[in-house]
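Participant:
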Amino acid sequence: MSPIFRKLSGVGFAVVMLVVLLVLNIALNPARFQPSGWGTLLGLAAPLIGAAIASAPVILAGRGGIDISVGPLMGFVNALVIQVLFLNLGISSPWIIVPAALLVGAAVGAANGVLATIVRIQPIVATLGTYLILTGITLTILPAPIGPAPDWLKAMSGPLSVLPLALIGLCWLLICRTPYHDLLMAVGSDDRAAYTAGVPVTKVRLTAYVLTGLFAAAAGLMLTSLIGSADPNIGATYTLIAIAAVALGGVSLAGGRGGLGGAAIGAIDIFLLQSLLTTFNVSTYVLQIAYGLILVVAVVLTALQERFSTRKGRP
Amino acid sequence: MTRNWFQSTNARIAGAFAMALLLQIVGTLLIPGYSAPFAIRALLVIASLLAVASIGQTLVVILGGIDLSIPFVIGFANVVAAQLYGQGWNFALVCILVGILAIAIGALNGLIARGLNIHPLIVTLGIGMIVQGAVLLWTGGFPSGSAPEAVSSFVSIGGSVGPLPVPLLVPCLVVLTALIVLVLARTPYGRRLYAVGSNPEAAPLALIDPLLMWVVTYAASAFFAAVAGVLLLGFTGSAYGDVGQPYLFQTIAAVVVGGAALVGGRGSYLGTIAGVLVLTEINTLLIGLGFRPSTVQAALGLVILLLVSLYGRERHVRTTI
Numbered sequence: 001m002s003p004i005f006r007k008l009s010g011v012g013f014a015v016v017m018l019v020v021l022l023v024l025n026i027a028l029n030p031a032r033f034q035p036s037g038w039g040t041l042l043g044l045a046a047p048l049i050g051a052a053i054a055s056a057p058v059i060l061a062g063r064g065g066i067d068i069s070v071g072p073l074m075g076f077v078n079a080l081v082i083q084v085l086f087l088n089l090g091i092s093s094p095w096i097i098v099p100a101a102l103l104v105g106a107a108v109g110a111a112n113g114v115l116a117t118i119v120r121i122q123p124i125v126a127t128l129g130t131y132l133i134l135t136g137i138t139l140t141i142l143p144a145p146i147g148p149a150p151d152w153l154k155a156m157s158g159p160l161s162v163l164p165l166a167l168i169g170l171c172w173l174l175i176c177r178t179p180y181h182d183l184l185m186a187v188g189s190d191d192r193a194a195y196t197a198g199v200p201v202t203k204v205r206l207t208a209y210v211l212t213g214l215f216a217a218a219a220g221l222m223l224t225s226l227i228g229s230a231d232p233n234i235g236a237t238y239t240l241i242a243i244a245a246v247a248l249g250g251v252s253l254a255g256g257r258g259g260l261g262g263a264a265i266g267a268i269d270i271f272l273l274q275s276l277l278t279t280f281n282v283s284t285y286v287l288q289i290a291y292g293l294i295l296v297v298a299v300v301l302t303a304l305q306e307r308f309s310t311r312k313g314r315p
Numbered sequence: 001m002t003r004n005w006f007q008s009t010n011a012r013i014a015g016a017f018a019m020a021l022l023l024q025i026v027g028t029l030l031i032p033g034y035s036a037p038f039a040i041r042a043l044l045v046i047a048s049l050l051a052v053a054s055i056g057q058t059l060v061v062i063l064g065g066i067d068l069s070i071p072f073v074i075g076f077a078n079v080v081a082a083q084l085y086g087q088g089w090n091f092a093l094v095c096i097l098v099g100i101l102a103i104a105i106g107a108l109n110g111l112i113a114r115g116l117n118i119h120p121l122i123v124t125l126g127i128g129m130i131v132q133g134a135v136l137l138w139t140g141g142f143p144s145g146s147a148p149e150a151v152s153s154f155v156s157i158g159g160s161v162g163p164l165p166v167p168l169l170v171p172c173l174v175v176l177t178a179l180i181v182l183v184l185a186r187t188p189y190g191r192r193l194y195a196v197g198s199n200p201e202a203a204p205l206a207l208i209d210p211l212l213m214w215v216v217t218y219a220a221s222a223f224f225a226a227v228a229g230v231l232l233l234g235f236t237g238s239a240y241g242d243v244g245q246p247y248l249f250q251t252i253a254a255v256v257v258g259g260a261a262l263v264g265g266r267g268s269y270l271g272t273i274a275g276v277l278v279l280t281e282i283n284t285l286l287i288g289l290g291f292r293p294s295t296v297q298a299a300l301g302l303v304i305l306l307l308v309s310l311y312g313r314e315r316h317v318r319t320t321i
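The listed protein sequences derive, respectively, from chains A and B. Number 283 in our numbering belongs to position 283 of the first sequence; there are no gaps in the numbering. Number 104 in our numbering belongs to position 104 of the second sequence; there are no gaps in the numbering.
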C-alpha cells in the first residue's frame, strides 16, 4: 500500500461524506453553492475548520490529550483584538494585531501544556480550568457584544479566508517534514515505548499544546473577521463541535493516528451538514436531532469501516 | 509507608474534605452569617443536587469512560416530568416512564461506545444532542407544567425531617452514599467496575464482560441524571430544558477534585462527595464576597487547577513502565 493511499483510507469515510454532502448541497441549493459563492462559504466555514485543526495536535499526542479551551481561547482572542487592541488602544495595524493574537494563543497553549505535562493534571481537567478562566476573563473585559472590527480584518472574511487556512496548512506541511511529526505520532501511539526509545515525551506533548494554542488564536482571528465584531458568548460553542469534527476526520481520540488534514475535512463535513439541514427549512429542533444522529451514525460507520479494514489486513 | 498513604486515593479524599472544611472556616471568618443555619442548609441542598448528578459520572469515570450526556438527560427528565405531570398523569407513573427512558438512553451510550470502540466523549455528546433536540421538538421549545408538592418539599431549603433542620433530600443522599460506597466495595459489580477500569484487556480473562459493564454503568449514569433532573424540577418549581447545562463540567470537576483518575480504575463516590462540597463552598464563598459571576467562573477555574495540582497529579511516564 502506498503511503498516500494508507493516509487516505484513515479519513476515507470523511472524504466520501464530503463528496456526498457537497453533491447534495449543490443539487438542493444551487443558488448558494454556485461557484462564485464558494469564497463566501469558505469564509463561513473558516472558524470551524480552524477550531478543528487547532484541536488536533493535542489529541494526536495521546494519553487523554484534549484541549477543551480551544473555543474559549478563540472567544478571548476575539474580545482582546476588538475591545482591548482596536477600541481601547486604537491599534489597527495587522502587523501588531496578528502577532499579538498569535502570541497570546501560544502563551495560553504553553500554560495548558505546562499544566498537562509538567504539573501533570489530566488534560481535560487542566483545559477545563483554562476554559473557565478564559470565559470569565472574556466576559469581564467584554460584558456585551461590541463592534466594529478593523477594515482589513473584515475584508478577510470572504474568499480571502483561504489565506490563513493555507498558511496553517503550509505550517503543518513543514512540521510534517521535520522529525517532530514522527515523534508526536510515536508519543501518541505508545508513550511508554517512545519514552524507552529516548523520545522526550514531555517536550513533545508540551509543543503540541503550544501548536494548539497558536492555531486556536488563528481560528479566533478568522472568527473575528467573519462576525466583524466581538461577542463574548460565541467562542465556547466551538469547543465540542471542533472535537466532533476531529473525530469525524479519522483522528483517533486515543492519539497517534490521523492528521490535521483529516480534522479539516471533518470540519467541512459538519459545515456542509449544517448547511444541508438548513436548506430543508425544518425547525431548529429537528435540525439538532438530525445533527446529533448524523454525528453518531458517522462515527459508527467510521468505526465499522476501520474494523473491516483491519480485519482484512490481518494475515 | 507514610509516603504511600499520601499518594493513595484515601489521602486525596481526605485532602478534599479538609479543603472543604478550610473553605467553610475561611467563609465564616470573612462573611458574617456564612455559617448561619439557613446558609448551611442552602449549601447542603445545592451540594446534594450536584452530588446526585455526579453519581453517574463517578461510576463512568471509574470504568474509564466519560459521560457528556448527563446535562441533556437532566434537562430531558426535568421537562418530560413537568410536561406529563401537567397533562394530568400520575406522578409515580411519570417517574417510572422517565426512569425507563433514561436507562434506555444510557444503555445505548454504553452499547455504542464499547461495542464499536468509539470514544464515549463523541457518542455521549451526539446522543445527548439527539435527546435535547427531541425534547425541544416535543415541547416546541416552551415546556410547561410544574412539580408536585411532594418533590418540592423533598428538596426545599426550608424543609425539615423530624428533628433535623434539613429537607429529606439530605438524609436520603447520606443513605444513598452509604449504599453506593457499599456496592462499589463489597459487591461483584463494584469489583468488576474497578477491574474493567484498571485493565480493560485483562478483565475479559477474569470472565468479566466489558460490554455488559459499560451498558449497565452508562444506564445507571443516565438514571441518576434523570433523578437529578426531577429533583431540580422540585427545586426550581418549573421546567427548563437547559437546567442541566452547568452540570456538564461541574460533575467532571467534582469527580476529579475527589481524586478519581479519568483513565479509569481509580476513584470513589466518597471522594466525589468531597469534590462536590469543595466546588459548592468555592462558589458560595466567591459569590458571598461580592464577585461578579464572570469573575467567580474565572476564580473557580483557577481553584480547580490549584487543588488538582496539589493532590490530583498523574504519574510521570517514566514511572509507568
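From the three backbone atoms N, C-alpha and C, an ideal C-beta is built for every residue, glycine too. Since this is a predicted model, take the numbers as computed values, not measurements.
Note the first and the last residue of the continuous alpha helix (DSSP H) segment covering residue 69(B).
Facilitator: Per DSSP, residue 69(B) belongs to no alpha helix (DSSP H) and is neither H nor E.
Participant: Relative to the C-alpha of residue 165(A), which candidate in 14(A), 292(A), 45(A) and 305(A) has its C-alpha closest?
Facilitator: Ranking the options by Cα distance to residue 165(A), first place goes to 45(A).
Participant: Check the Cβ-Cβ distances between residue 61(B) and every residue of chain A, and say whether any is below 8 Å.
Facilitator: No, residue 61(B) does not count as interfacial toward chain A.
Participant: DSSP state of residue 119(A), grouped into three classes?
Facilitator: Three-state result, residue 119(A): coil.
Participant: Determine, using beta-carbon pairs with one atom in the segment 219–231 of chain B and one in the segment 281–301 of chain B, whether at least three such pairs fall under 8 Å.
Facilitator: These segments do not touch.
Participant: Return the chain-ordered list of same chain residues with a C-beta closer than 7 Å to the C-beta of residue 42(B), the five sequence neighbours on each side being excluded.
Facilitator: So the qualifying residues of the chain are 157.
Participant: Per DSSP, residue 146(A) is paired with what?
Facilitator: Bridge partners of residue 146(A): 230(A).
Participant: Going by the beta-carbon positions, is the gap between residue 107(B) and residue 16(B) smaller than 8 Å?
Facilitator: Not in contact: residue 107(B) and residue 16(B) (Cβ atoms no closer than 8 Å).
Participant: Classify residue 178(A) as buried or exposed, calling it buried when 16 or more other Cβ atoms lie within 10 Å of its own Cβ.
Facilitator: With fewer than 16 other Cβ atoms within 10 Å, it is exposed.
Participant: Which of the three DSSP states, helix, strand or coil, is assigned to residue 161(B)?
Facilitator: If DSSP states are grouped into helix, strand and coil, residue 161(B) belongs with the strands.
Participant: Label residue 13(A) either buried or exposed according to how many other C-beta atoms from any shown protein chain fall within 10 Å of its C-beta, with 16 as the threshold for buried.
Facilitator: Residue 13(A) comes out buried.
Participant: Around the C-beta of residue 318(B), are 16 or more other C-beta atoms found within 10 angstroms, so that it is buried, or is it exposed?
Facilitator: It counts as exposed.
Participant: Which partner residues of residue 146(B) appear in the DSSP bridge assignment?
Facilitator: Residue 146(B) pairs with 238(B).
Participant: Check whether the Cβ of residue 280(B) lies closer than 8 Å to any Cβ atom in chain A.
Facilitator: It does not; no Cβ of chain A falls within 8 Å.
Participant: Which chain B residues sit within Cβ distance under 9 Å of residue 279(A)?
Facilitator: Simply none; closest approach about 18 Å.
Participant: Below 8 Å CB to CB, which residues in the same chain sit around residue 256(A) once its five sequence neighbours on both sides are set aside?
Facilitator: Only 60, 62, 185, 186, 187, 188, 189 and 190 meet the Cβ criterion.
Participant: Classify residue 164(B) as buried or exposed, calling it buried when 16 or more other Cβ atoms lie within 10 Å of its own Cβ.
Facilitator: Label assigned to residue 164(B): exposed.
Participant: From residue 155(B) to residue 176(B), what distance separates their C-alpha atoms?
Facilitator: The alpha-carbon atoms of residue 155(B) and residue 176(B) are separated by roughly 15 Å.
Participant: Would a C-beta distance cut-off of 8 Å place residue 109(A) and residue 213(A) closer than the cut-off?
Facilitator: Yes, these two residues count as a Cβ contact at 8 Å.
Participant: Just to check my reading of the structure: residue 263(A) and residue 53(A) have Cβ atoms closer than 8 Å, yes? What is that Cβ distance to the nearest angstrom?
Facilitator: Their Cβ separation, rounded to whole angstroms, is 5 Å, which keeps residue 263(A) and residue 53(A) in contact under 8 Å.
Participant: For residue 77(A) versus residue 304(A), is the C-beta distance shorter than 8 Å?
Facilitator: No. Outside cutoff.
Participant: Quick one: give me the first and last residue of the alpha helix (DSSP H) that residue 131(B) is part of.
Facilitator: Where residue 131(B) is concerned, the enclosing alpha helix (DSSP H) stretches over 120–139.
Participant: Among 138(B), 90(B) and 117(B), which one has its Cα closest to the Cα of residue 150(B)?
Facilitator: Residue 150(B) has its Cα closest to that of 90(B), out of 138(B), 90(B) and 117(B).
Participant: Does residue 303(A) come within less than 8 Å of chain B when only Cβ atoms are used?
Facilitator: Cβ-Cβ to chain B under 8 Å: yes for residue 303(A).
Participant: Ignore the nearest five residues each way along the sequence and tell me which others in residue 22(A)'s own chain have a CB closer than 7 Å to its CB.
Facilitator: Taken in chain order, the residues that qualify are 272.
Participant: Rounded to the nearest angstrom, how far is the Cβ of residue 264(B) from that of residue 63(B), given a contact under 8 Å?
Facilitator: Their Cβ separation, rounded to whole angstroms, is 6 Å, which keeps residue 264(B) and residue 63(B) in contact under 8 Å.
Participant: Using only the alpha-carbon positions, how far apart do residue 71(A) and residue 51(A) sit?
Facilitator: About 7 Å.
Participant: Looking at C-alpha atoms only, which residue of 245(B), 44(B) and 255(B) is the closest neighbour of residue 272(B)?
Facilitator: Residue 255(B) is the option with its Cα nearest to residue 272(B).
Participant: Quick check: the Cα distance between residue 270(A) and residue 213(B), rounded to an integer number of angstroms?
Facilitator: Roughly 32 Å separates the two Cα atoms.
Participant: Using DSSP with H/G/I as helix, E/B as strand and the rest coil, what is residue 152(A)?
Facilitator: It is helical.
Participant: Are at least three pairs of beta-carbons, each pair with one atom in the segment 85–99 of chain B and one in the segment 281–290 of chain B, less than 8 Å apart?
Facilitator: No contact exists between the segment 85–99 of chain B and the segment 281–290 of chain B.
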